[in-house]
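According to my numbering, the sequence shown holds residues 14 to 178 in order.
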Amino acid sequence: MLTSTAPVVEPTKRMPSLEIRRMLLSDLDRVVYLEKESFPDPWSEQNFTYEIVENQFSQPYVVTNNGHVIGYSVHWCFDIEAHLANFAVDESFRRQNVGSYLLGFLISDILRKNIHSIYLEIRASNEAARNLYKKHGFREDGVRKHYYLKEKDDAILMSLSLKEG
Ligand SMILES: CC(C)(COP(=O)(O)OP(=O)(O)OC[C@H]1O[C@@H](n2cnc3c(N)ncnc32)[C@H](O)[C@@H]1OP(=O)(O)O)[C@@H](O)C(=O)NCCC(=O)NCCS
Numbered sequence: 014m015l016t017s018t019a020p021v022v023e024p025t026k027r028m029p030s031l032e033i034r035r036m037l038l039s040d041l042d043r044v045v046y047l048e049k050e051s052f053p054d055p056w057s058e059q060n061f062t063y064e065i066v067e068n069q070f071s072q073p074y075v076v077t078n079n080g081h082v083i084g085y086s087v088h089w090c091f092d093i094e095a096h097l098a099n100f101a102v103d104e105s106f107r108r109q110n111v112g113s114y115l116l117g118f119l120i121s122d123i124l125r126k127n128i129h130s131i132y133l134e135i136r137a138s139n140e141a142a143r144n145l146y147k148k149h150g151f152r153e154d155g156v157r158k159h160y161y162l163k164e165k166d167d168a169i170l171m172s173l174s175l176k177e178g
């Protein structure tokens with residue numbers, strides 16, 4: 014049996030209109046803007062287009078507030094494994110449970126697909142993301158030293174096992 018100890022997150026009282034849906038090409042102006050705001054080495058519009066149009070393993074989502082995109086994610090599903098490749102929330106909506114809401118949705122969605130584990134890697138200096146993933150049951154499995162050359166940072170490898178026991 015597949016299971017998760019991740020907290021179930023409902024839309025917050027302050028933002029009752031949060032919704033999650035698949036990412037569309039028409040979202041890309043906004044997604045690419047948020048991506049540039051969030052990462053020192055942002056994905057390009059072409060990268061996101063590939064995920065929406067071509068990559069058969071890809072599951073790109075956006076989270077909206079009153080129809081306005083305030084966050085997004087991209088994960089890949091391969092047989093019994095998923096890899097979380099991209100995840101961000103609009104700076105002005107951070108620390109209001111939006112990331113938790115989106116991540117909780119992704120974990121439930123992945124569980125339904127009978128996938129056993131979710132993997133990701135993040136910058137060692139990214140305390141916010143490390144805490145977010147830990148809060149949702151991910152554990153830190155290892156370090157890739159000097160993985161992010163430009164930022165001179167290590168990568169932390171994290172995983173969430175969805176298999177009982
Ligand atoms: C990481 C990120 C997605 C978190 O989104 P968020 O909507 O702010 O997250 P939440 O409000 O749901 O926070 C959930 C938990 O994450 C941790 N967290 C979030 N922001 C944090 C911060 N600035 N410092 C420390 N911990 C933080 C906390 O444990 C928090 O729980 P708490 O509020 O009960 O303490 C957001 O900061 C972001 O988009 N960062 C830039 C992009 C990025 O780093 N993406 C992840 C790597 S791919």
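Even glycine gets a Cβ: it sits at the ideal position worked out from N, Cα and C.
Q.
If I follow the unbroken beta strand (DSSP E) through G155, where does it start and stop?
A. Along the sequence shown, one-based indexing puts residue 155 at 142. First-last of the beta strand (DSSP E) with G155: 152-161.
Q: Ignoring anything shorter than 4 residues or poking outside the region 15-85, list the alpha helix (DSSP H) runs there in chain order.
A: 41-51, 58-66
Q.
Within a Cβ cutoff of 8 Å, which residues of the same chain sit near F70, ignoring the five residues on either side of it in sequence?
A. Locating residue 70 in the sequence shown gives position 57, counting from the first residue. Excluding positions up to five away in sequence, the list reads W89, C90, F91.
Q. Closest to M171 by CA distance: which of S130, N79, V66, I93 is it?
A. Translated into the one-based positions of the sequence shown, residue 171 becomes position 158. It is S130.
Q: Might you give, ordered along the chain, the residues of its own chain that have their beta carbon closer than 8 Å to the beta carbon of G112, omitting 5 neighbours on each side?
A: Along the sequence shown, one-based indexing puts residue 112 at 99. Contacts found: G84, F100, V102, L145.
Q | Beta-carbon proximity list for E134, same chain, < 8 Å, skipping 5 on both sides | A | Here residue 134 corresponds to residue number 121 of the sequence shown, with the count starting at 1. R157, Y160, A168, I169, L170, M171.
Q.
To the nearest angstrom, how far is the alpha carbon of E67 from that of Y74?
A. Taking the sequence shown and counting its residues from 1, one reaches residue 67 at position 54. Taking the sequence shown and counting its residues from 1, one reaches residue 74 at position 61. Cα to Cα, E67 sits roughly 15 Å from Y74.
Q | Backbone secondary structure at E134 - three-state DSSP | A | For the purposes of this step, residue 134 is taken as residue 121 along the sequence shown, with counting starting at 1. Residue state, collapsed to three classes: strand.
Q. Given S39, which residues of its chain have a CB within under 8 Å of its CB, disregarding the five upstream and five downstream residues?
A. If you number the sequence shown from 1, residue 39 lands on position 26. For S39, where only same-chain residues beyond five positions count, there are no Cβ hits under 8 Å.
(Q) So, under 8 Å CB-CB, N78 and F106 are touching, yes? Tell me the CB distance rounded to an integer number of Å. (A) As a position in the sequence shown, residue 78 is number 65, starting the count at 1. As a position in the sequence shown, residue 106 is number 93, starting the count at 1. Right, the Cβ-Cβ distance comes to about 7 Å (below 8 Å), so this counts as a contact.
Q | Within 7 Å, strictly: CB atoms of E58 and V45 | A | Against the sequence shown, residue 58 aligns to sequence position 45. Against the sequence shown, residue 45 aligns to sequence position 32. Yes, the pair counts as a contact, with Cβ atoms nearer than the cut-off.
Q) If you follow the beta strand (DSSP E) that R166 is part of, which residue opens it and which one closes it? A) For the purposes of this step, residue 166 is identified with residue 153 of the sequence shown, where counting begins at 1. The amino acid occupying residue 166 in the given sequence is Asp; Arg does not appear at that position. 166-174 is the span of the beta strand (DSSP E), which, as asked, contains D166.
Q: Check whether the Cβ of G112 sits closer than 6 Å to any heavy atom of ligand 1, and report yes or no.
A: Position 99 of the sequence shown, counting from 1, holds the residue named residue 112. Yes - ligand 1 has a heavy atom lying nearer than 6 Å to the Cβ of G112.
Q.
Please return the same chain residues whose Cβ sits closer than 7 Å to the Cβ of T30, not counting the five positions on each side in sequence.
A. Within the sequence shown, numbered from 1, the residue matching residue 30 stands at position 17. The sequence shown places Ser at residue 30, rather than the Thr named in the question. N78, N79, listed in sequence order.
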